[in-house]
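A quick write-up on the structure given underneath.
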Amino acid sequence: MLNNPQTEAGIGMTSARTRDRLIDRLKQQGIRSPQVLDVIRDTPRHLFIEEAMAHKAYEDTALPIGFDQTISQPYIVARMTELLLEGGPLRTVLEVGTGSGYQTAVLAELVDRVFSVERIGALHHRAKGVLQKVGLNNVSLRHTDGNGGWPTTMKFDAIIVTAASPSFPKSLTQQLAADGVLVIPVEQNGEQALCRVRRTESGFSQELIEPVCFVPMLKGVIE
Ligand code: SAH
């Protein structure tokens, strides 16, 4: 469960009313899962961004988190989370692109254990601090290049990629358990589309979900 500190950023901009307005908007945009909506309402998004921007935390927009990266828009966090959970409860989820740690926190409230990798050291360390502060201890974070998956032979019930990739990285599809699902933005000819891939008995099935706009998935790690 989340510690939900009544916090630093002040009551007005983080109030129940402000959060309810965001939830209404997500419902209008087609988010249906009560579970997902409840978790988005209860997750203190203002703690995952710089204080100077906290007044925008419950607007439905992506926001800068430094290093040319962004915290994802709440709608897209909700949508991807719904897409992961549609097949039933999940034990283990791998996230590629920890970024601020916000999507990680939302997942950690809904599944047994979240593993998340980030290539930028400073973001990895910051996210680790925030996730500890909010009291989520079913999360394991690594500073590594997610193109290689999680650095073990472990298989995951689901994998979520929060940066756009030109293809489905093989090391990720190989880390999907039987019936496992991968949600990933794929970029081709300058256009990005959210895709869901399911591991079936005979191979993989693929669904195109909707157009999206993510920062690119890059290679290598930086401090
Ligand atoms: N889920 C995050 C989204 C952050 S933006 C949030 O809501 O805050 C995408 C993140 O993916 C960035 O932090 C970027 O550094 C990271 N990323 C890009 N390529 C990566 C790679 N190959 N391995 C791990 N992380 C990567």
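For reference, each letter of the sequence shown is one residue, going -15 to 207 in the working numbering. Every residue, glycine too, gets a C-beta built ideally from N, C-alpha and C.
- For secondary structure counted as the alpha helix (DSSP H) over 4 or more consecutive residues, the segment 8 to 84 holds these complete runs in sequence order: 18 to 26, 58 to 69.
- Pairing Gly164 with Gly130 gives a Cβ-Cβ distance that is not under 8 Å.
- As DSSP reads the structure, Gln176 sits in a beta bridge with Glu171.
- Going by beta carbons, Phe198 and Leu107 fall outside the 8 Å limit.
- Within the DSSP secondary-structure output, Arg183 pairs in a beta bridge with Phe188.
- Gln176 sits close to Pro169, with the two beta carbons spaced by under 8 Å.
- Under the criterion of beta carbons closer than 8 Å, Tyr86 and Ile55 qualify as touching, at roughly 5 Å.
- Secondary structure of Leu125 (DSSP, three-state): strand.
- As the crow flies, the alpha-carbon of Lys117 is around 14 Å from that of Ala92.
- Short note on Tyr42: C-beta not closer than 7 Å to any heavy atom of ligand 1.
- Pairwise C-beta distances place the segment 131 to 140 out of contact with the segment 26 to 43, as fewer than three of them are shorter than 8 Å.
- Looking at the DSSP output, Arg97 sits in a beta bridge with Thr76.
- Taken through DSSP and simplified to helix, strand or coil, Val118 comes out as coil.
- Between the segment 140 to 154 and the segment 190 to 206, the count of C-beta pairs closer than 8 Å reaches three or more; the two stretches touch.
- Counting the other Cβ atoms within 10 Å of the Cβ of Glu70 gives fewer than 16, which makes it exposed.
- Around the beta-carbon of His30, 16 or more other beta-carbon atoms lie within 10 Å, marking it buried.
- Cβ contact annotation for Ile206 (same chain, cutoff 7 Å, sequence separation greater than five): Arg103, Ile104, Gly105, in chain order.
- In the DSSP assignment, the residues bridged to Glu102 are His127.
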